[in-house]
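Protein chains in written order, with the working numbering: chain C, 4 to 120; chain P, 4 to 120. Every residue, glycine too, gets a C-beta built ideally from N, C-alpha and C. Notes follow the structure.
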DNA sequence: GACACTGTGTACTGTTTAGTATATACTCTA
DNA sequence: TAGAGTATATACTAAACAGTACACAGTGTC
């Protein structure tokens with residue numbers, strides 16, 4: 004059960020087909036960690052790294068940061084901060100949306116974005 | 004800057020006016036921590052406690068758990084889990100709502116709760 | 001003046017987090 | 001066959017987290 008590691012490795016190897024600079028070592032260097040550490044991460048030998056490292060990795064591999072953070076079992080700290088500023092309001096909203104189908108949530112997002120609120 | 008500790012102490016002392024069982028020691032015992040630890044928490048001598056302890060404290064003091072967690076700098080793990088299941092969808096929704104006034108968010112909550120989605 | 005209660009100061013602890021550093025083994029290729 | 005590049009195994013670590021344990025000093029009261 005190492006969704007995070009597998010996803011990172013697969014994505015990196017895919018990029019590598021077209022671009023040799025996506026070796027484990029080169030990637031590790033770009034995101035600022037030891038190659039041995041990235042190796043352990045990809046094999047699920049250690050828990051996913053810190054939020055900062057996950058975000059750098061997402062940028063390097065052109066993955067959506069929120070998605071990769073989710074695979075790492077985390078939620079972006081900027082979203083958390085937004086929730087913490089109005090905890091009861093957002094708690095209710097999120098719990099209300101929990102079991103709604105994607106399209107309902109999406110419709111809502113659009114409505115909010117386009118409508119004059 | 005110890006919003007959490009101050010709020011807990013104030014709330015507890017308020018309850019205590021009507022009910023002597025809200026002494027620091029008794030409260031600590033009910034929520035399952037050492038009195039010295041609760042003392043330090045209330046005085047801001049240590050960081051806010053773990054999510055589980057914050058929730059037990061909120062229950063004991065009849066405070067909204069999401070609110071108290073927010074003061075502790077945390078977001079309930081059940082909300083985080085909901086977000087992690089559809090990270091991109093919820094990330095967009097929350098960022099979209101970040102700067103909206105309370106009443107707009109509330110209107111949305113109601114709409115979702117009452118409407119047939 | 002002993003008892004029961006209050007809150008607090010000090011010292012210590014196990015666990016988790018988030019990594020580093022170094023050495024090793026394999027593969028290609030010039 | 002030397003050298004460069006690849007990934008991985010092993011050992012270690014500093015800092016943060018989430019507390020416990022115990023002794024102490026003050027206040028009331030019976």
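Supposed close pair residue i, residue j - CB separation, criterion 8 Å
| i | j | result |
| --- | --- | --- |
| residue 112 of chain P | residue 114 of chain C | At roughly 13 Å, the Cβ-Cβ gap does not stay under 8 Å, so residue 112 of chain P and residue 114 of chain C are not in contact. |
| residue 64 of chain P | residue 33 of chain P | With 8 Å as the limit, residue 64 of chain P and residue 33 of chain P do not qualify as a contact, their Cβ atoms being about 10 Å apart. |
Residue i and residue j closer than 8 Å at C-beta
| i | j | result |
| --- | --- | --- |
| residue 79 of chain P | residue 94 of chain C | yes |
| residue 73 of chain C | residue 58 of chain C | no |
| residue 36 of chain C | residue 43 of chain C | no |
| residue 86 of chain C | residue 82 of chain P | yes |
| residue 5 of chain P | residue 47 of chain P | yes |
| residue 89 of chain C | residue 105 of chain P | yes |
| residue 108 of chain P | residue 109 of chain C | no |
Contacts around residue i, its chain only, beta-carbon distance under 6 Å, and the 5 residues preceding and following it disregarded
| i | result |
| --- | --- |
| residue 51 of chain C | 7, 75 |
| residue 18 of chain P | 25 |
| residue 61 of chain C | 68, 71 |
| residue 10 of chain P | 74 |
| residue 3 of chain P | This structure cannot speak to residue 3 of chain P, because chain P is shown only from 4 to 120. |
Proximal residues to residue i (C-beta, below 8 Å), its chain only, five neighbours per side dropped
| i | result |
| --- | --- |
| residue 27 of chain C | 15, 38, 41, 42, 45 |
| residue 56 of chain C | 34, 35, 36 |
Exposed unless 16 or more other CB atoms sit within 10 angstroms - verdict on residue i
| i | result |
| --- | --- |
| residue 116 of chain P | exposed |
| residue 31 of chain C | buried |
Own chain, CB closer than 7 Å to residue i, minus 5 neighbours either side, in chain order
| i | result |
| --- | --- |
| residue 66 of chain P | 14 |
*asked:* What ranges does the alpha helix (DSSP H) occupy inside the region 18-87 of chain P, keeping only unbroken runs of at least 4 residues that lie completely in it?
replied: 27-34, 38-45, 54-64, 68-74
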